[in-house]
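Chemist: Note that this note's numbering has the sequence shown beginning at 49, numbered continuously upward.
Glycine included, every Cβ here is placed at the ideal spot set by N, Cα and C.
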Amino acid sequence: MSDADGAWVSLFSGGKDSSWALYQALEQGLPVERLVTVHPAGDSYMYHVPATELAALAAESIGIELVDVEPDDFAADTATDSSVQGDDELEPLEVALEALDRDLLGGIAGVTAGAVESEYQTSRIQGMCDRLGCDLFAPLWQEDPAELADAMLEAGFEIEIIQVAAHGLDESWLGRTLDREAIAELETLHEKYGVHILGEGGEFETFVVDGPHMDRRIALESEPEWEGTRGRVRITDAHLEA
Numbered sequence: 049m050s051d052a053d054g055a056w057v058s059l060f061s062g063g064k065d066s067s068w069a070l071y072q073a074l075e076q077g078l079p080v081e082r083l084v085t086v087h088p089a090g091d092s093y094m095y096h097v098p099a100t101e102l103a104a105l106a107a108e109s110i111g112i113e114l115v116d117v118e119p120d121d122f123a124a125d126t127a128t129d130s131s132v133q134g135d136d137e138l139e140p141l142e143v144a145l146e147a148l149d150r151d152l153l154g155g156i157a158g159v160t161a162g163a164v165e166s167e168y169q170t171s172r173i174q175g176m177c178d179r180l181g182c183d184l185f186a187p188l189w190q191e192d193p194a195e196l197a198d199a200m201l202e203a204g205f206e207i208e209i210i211q212v213a214a215h216g217l218d219e220s221w222l223g224r225t226l227d228r229e230a231i232a233e234l235e236t237l238h239e240k241y242g243v244h245i246l247g248e249g250g251e252f253e254t255f256v257v258d259g260p261h262m263d264r265r266i267a268l269e270s271e272p273e274w275e276g277t278r279g280r281v282r283i284t285d286a287h288l289e290a
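#1: Hey, which unbroken runs of the alpha helix (DSSP H) at 4 residues or more fall wholly within the segment 219–275?
#2: Have a look at I173 and A55 and give me their C-alpha separation to the nearest angstrom.
#3: Taking all protein chains shown into account, do 16 or more other C-beta atoms lie within 10 angstroms of the C-beta of D258, making it buried, or fewer, making it exposed?
#4: CB G223 to CB V159, shorter than 8 angstroms?
#5: Quick one: Cα of Y71 to Cα of H261, how far?
#6: I'd like the list of long-range same chain contacts for F255, defined as Cβ closer than 7 angstroms, with 5 residues on each side in sequence excluded.
#7: Buried or exposed: where does V143 fall if 16 or more other Cβ atoms within 10 Å of its Cβ makes it buried?
#8: Going straight from the alpha carbon of L237 to that of D149, what length do you get?
#9: With a threshold of 16 other CB atoms inside 10 Å of the CB of R82, please say whether the residue is buried or exposed.
#10: Report the rounded CA-to-CA distance for L59 versus G276, giving the unit in angstroms.
#11: Counting only the same chain and skipping the five closest in sequence on each side, list residues whose C-beta sits under 8 angstroms from that of R179.
#12: Just to confirm, is the Cβ distance from L196 to L152 under 8 angstroms?
#13: Any chance you could list the alpha helix (DSSP H) runs of at least 4 consecutive residues sitting entirely within the segment 61–93, in chain order?
#14: If we ignore side chains and look at the alpha-carbon of each, how far apart do G111 and D263 end up?
#15: Could you give the first and the last residue of the continuous alpha helix (DSSP H) run that contains D53?
#16: Would you mind working out which of A286, E229 and V164 sits nearest P187, comparing C-alpha positions?
#17: Go to T284, then tell me how far its beta strand (DSSP E) extends in each direction, as first and last residue.
#18: I believe A161 touches A69 by the beta-carbon criterion, under 8 angstroms. Please report the beta-carbon distance rounded to the nearest angstrom.
#19: Using the Cα positions of A127 and A286, report the straight-line distance between them to the nearest angstrom.
#20: Taking C-alpha atoms, which residue in E206, W274, A267 and E271 lies nearest to L288?
#21: In its own chain, which residues sit with a C-beta less than 6 angstroms from the C-beta of E273, not counting the 5 before and 5 after it?
#22: Using DSSP with H/G/I as helix, E/B as strand and the rest coil, what is T128?
#23: Hey, out of L138, I156 and L226, whose CA is closest to D53's CA?
#24: Excluding the 5 residues preceding and the 5 following R265 in the sequence, name in chain order all residues of the same chain whose CB lies nearer than 8 angstroms to its CB.
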């Protein structure tokens, strides 16, 4: 059982949702001492997949030590049932957090997560926190997507779209900044096609290149890779600006 005065750990991909959860934790004065990034080997029910290698740059800009959970840590994916796969995917993360719970002074007091509406993800993370004896801080959970998007932009988040996979989102969205104009277009696409304004469920994925919790902006160079109905950007260069 972790000490209430122990450390906090943020589940962190570099995307907007996990970054917002981290930012809100820092704003509330929670002592976040580690970021934990899971690098899935392939498609994932549990985790943000694209460009997780950029999390190291984000962590450097934020100034919090990063712990990586690598693909080799995952069991061979033989599960055909999504529930079983989600449990299997959670296991290496839980092992990593158990190690941090032993290593950090006072253990882990809490974990931040960026889930918005996914009961599938949140119930598993909550169960993991219960087993670890720590709190879960999920400030996006069941909040209004449009209000969350506005709050992120108001706070000064600079967000780039790095992957799309939804009807109504074409190649022009790859590498696009998620600004108020883009949000307005997403609201129209939500009404027309049901696209989630925050891309919940993998309709689009993002990376935060700058924000109030970051000391230096991340410069990205990329090329679009389009596959007919979906696509992603291939990062050709990424570095912290001076």
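Modeler: Taking the definition as stated:
#1: Taking 4 residues as the shortest admissible run, the segment 219–275 contains the following complete alpha helix (DSSP H) segments, listed from N- to C-terminal end: 228–241.
#2: Take the alpha-carbon of I173 and the one of A55: they are about 17 angstroms apart.
#3: Buried: at least 16 other Cβ atoms inside 10 Å.
#4: Going by C-beta atoms, G223 is not nearer than 8 angstroms to V159.
#5: Annotation: Y71 to H261 spans about 6 angstroms, alpha carbon to alpha carbon.
#6: So the qualifying residues of the chain are G62, G63, A99, L102, E208 and I210.
#7: Within a 10 Å sphere around the beta-carbon of V143 sit fewer than 16 other beta-carbons, which makes this residue exposed.
#8: If I take the Cα positions, the gap works out to 43 angstroms.
#9: Around the C-beta of R82, 16 or more other C-beta atoms lie within 10 Å, and the residue is accordingly described as buried.
#10: Each residue's Cα considered, the two are about 32 angstroms apart.
#11: Sequence-distant Cβ neighbours of R179 in its own chain, meaning closer than 8 angstroms and more than five residues away, are E142.
#12: Not in contact: L196 and L152 (Cβ atoms no closer than 8 angstroms).
#13: Complete alpha helix (DSSP H) runs here, min 4: 64–75.
#14: For G111 and D263, the distance between alpha carbons rounds to 8 angstroms.
#15: Here D53 belongs to no alpha helix (DSSP H), and DSSP marks it neither H nor E.
#16: Each of A286, E229 and V164 was checked against the Cα of P187, and the nearest Cα belongs to V164.
#17: That run of the beta strand (DSSP E) goes G279 to L288.
#18: Between A161 and A69 the beta-carbon gap is near 6 angstroms, inside 8 angstroms, which marks them as a contact.
#19: Confidence in A127 is poor, its pLDDT being 46 and thus under 50, which makes the residue's placement unreliable; the coordinate value appears in the next sentence. If you draw a straight line from the Cα of A127 to the Cα of A286, it comes to about 35 angstroms.
#20: When only C-alpha atoms are compared, the closest one is A267.
#21: Counting only residues of its own chain and dropping the five nearest sequence neighbours on each side, E273 has a CB closer than 6 angstroms to the CB of G279, R280 and R282.
#22: Legend: pLDDT at T128 = 47, less than 50; position of this residue unreliable, value from coordinates given subsequently. Coil at T128, not helix or strand.
#23: Closest option to D53, Cα to Cα, is I156.
#24: Closer than 8 angstroms at the Cβ level, and outside the excluded window around R265, lie S109, E206, V257, D258, L288 and E289.
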